DNA sequence: GTAAAGCGTAACCTACTGGTTACGCGTTAC
DNA sequence: GTAACGCGTAACCAGTAGGTTACGCTTTAC
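Put into structure tokens, the structure is as follows:
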């Protein structure tokens with residue numbers, strides 16, 4: 028997870044995906060490096076759970092998954108000095124998880140199909 | 028900055044330092060790796076501004092600097108879905124910076140002496 | 001059916017990272 | 001003054017990360 032964010036290209040991919048889903052090719056267009064290189068960055072992001080891929084014909088659309096970010100923020104929270112920030116972040120994290128559950132009400136709605144990933148975060 | 032957090036040893040060092048300042052040797056005791064290896068991790072943390080060293084005789088005491096954490100949290104905030112979290116984090120960040128200023132009221136109080144670092148964050 | 005498009009994987013190479021041991025420098029102890 | 005302590009740096013080495021090109025598979029277009 029932290030390692031996934033350490034790379035500047037991956038961070039930029041995350042920013043791109045912030046505004047909506049993009050196909051692998053659309054993501055690759057934004058970079059000077061080769062498409063396979065971008066493809067591997069996307070794989071790292073997938074495996075750390077920051078991004079989710081959905082198959083649509085011969086294309087793969089990538090979407091942000093906000094959940095793991097809350098996890099990192101939760102870890103960072105223990106280092107903040109000002110009293111109160113930690114509690115507020117706890118509430119915030121809870122909110123993140125709740126929102127996630129609400130976004131996936133029934134797991135059998137598989138249109139489009141999610142691609143399985145080991146999630147080695 | 029993000030790279031500094033990516034390493035598990037460095038993350039554990041930060042956790043150790045959370046409860047107060049430690050000398051380089053005390054930090055090293057907690058790990059199975061050699062002292063020079065720990066020393067280099069401490070240097071990375073210093074250069075990314077996450078940690079500050081103060082000279083005391085032949086010892087070097089390390090302290091957390093909470094400020095850069097707020098920076099990372101601020102970056103992460105843009106990826107959170109639930110409405111409201113971003114604003115609350117903005118306020119939180121402000122609080123971090125304010126607290127930091129208050130902790131260093133006069134820069135000419137140099138006892139103990141801070142060690143300069145390029146801060147290549 | 002055949003060609004092209006869209007992605008991913010494999011194999012390879014280089015550069016960096018993180019570990020080690022050897023060493024040097026300043027500080028404390030005696 | 002001399003020895004021991006605390007810590008950092010230097011030199012070296014192995015493993016990993018990130019880049020490239022070549023290739024293969026599935027889907028769309030004709």
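Protein chains in written order, with my numbering: chain A, 28 to 148; chain B, 28 to 148. Cβ coordinates follow ideal geometry from the N, Cα and C atoms, glycine included. Computed from a prediction, not measured in an experiment: that's the story for all the values here.
- Message: Can you give me the C-alpha to C-alpha distance between residue 31 of chain A and residue 78 of chain B, rounded to a whole angstrom?
- Response: The residue given as residue 31 of chain A occupies position 4 in the first chain. The residue given as residue 78 of chain B occupies position 51 in the second chain. Each residue's Cα considered, the two are about 22 Å apart.
- Nearest to residue 51 of chain A by alpha carbon, out of A:43, A:67, A:82 and A:87? Here residue 51 of chain A refers to the residue found at position 24 of the first chain. Among A:43, A:67, A:82 and A:87, the Cα nearest to that of residue 51 of chain A belongs to A:87.
- What do you reckon, are the CB atoms on residue 90 of chain A and residue 41 of chain A nearer than 8 Å? What you label residue 90 of chain A is simply residue 63 of the first chain in a count that begins at 1. What you label residue 41 of chain A is simply residue 14 of the first chain in a count that begins at 1. When the beta-carbon positions are compared, residue 90 of chain A and residue 41 of chain A stay at least 8 Å from each other.
- Task: Could you confirm whether any beta carbon from chain B is found closer than 8 Å to the beta carbon of residue 107 of chain A?
- Result: By one-based count along the first chain, residue 107 of chain A stands at place 80. It does; some Cβ of chain B falls within 8 Å.
- Cβ of residue 103 of chain B within 8 Å of Cβ of residue 99 of chain A? For this step, residue 103 of chain B is matched to residue 76 along the second chain. For this step, residue 99 of chain A is matched to residue 72 along the first chain. Against a cut-off of 8 Å, the Cβ pair of residue 99 of chain A and residue 103 of chain B comes out as a contact.
- Query: So is residue 97 of chain B in contact with chain A if we call contact Cβ pairs under 8 Å?
  - Reply: Locating residue 97 of chain B in the second chain gives position 70, where the first residue counts as 1. Yes, residue 97 of chain B counts as interfacial toward chain A.
- Message: Short of 7 Å in beta carbon distance, which residues of its chain neighbour residue 92 of chain A, apart from the five on each side in sequence? Order them along the chain.
- Response: Against the first chain, residue 92 of chain A aligns to sequence position 65. Excluding residues within five positions, the ones whose Cβ falls inside 7 Å are 76, 77, 78 and 79.
- Item | residue 46 of chain B burial status per 10 Å Cβ neighbour count (16 or more: buried) | The count along the second chain starts at 1 and reaches residue 46 of chain B at position 19. Flag for residue 46 of chain B reads exposed.
- List the endpoints of the continuous alpha helix (DSSP H) containing residue 77 of chain A. Counting from 1 along the first chain, the entry for residue 77 of chain A is found at position 50. First-last for residue 77 of chain A: undefined, no H or E at that position.
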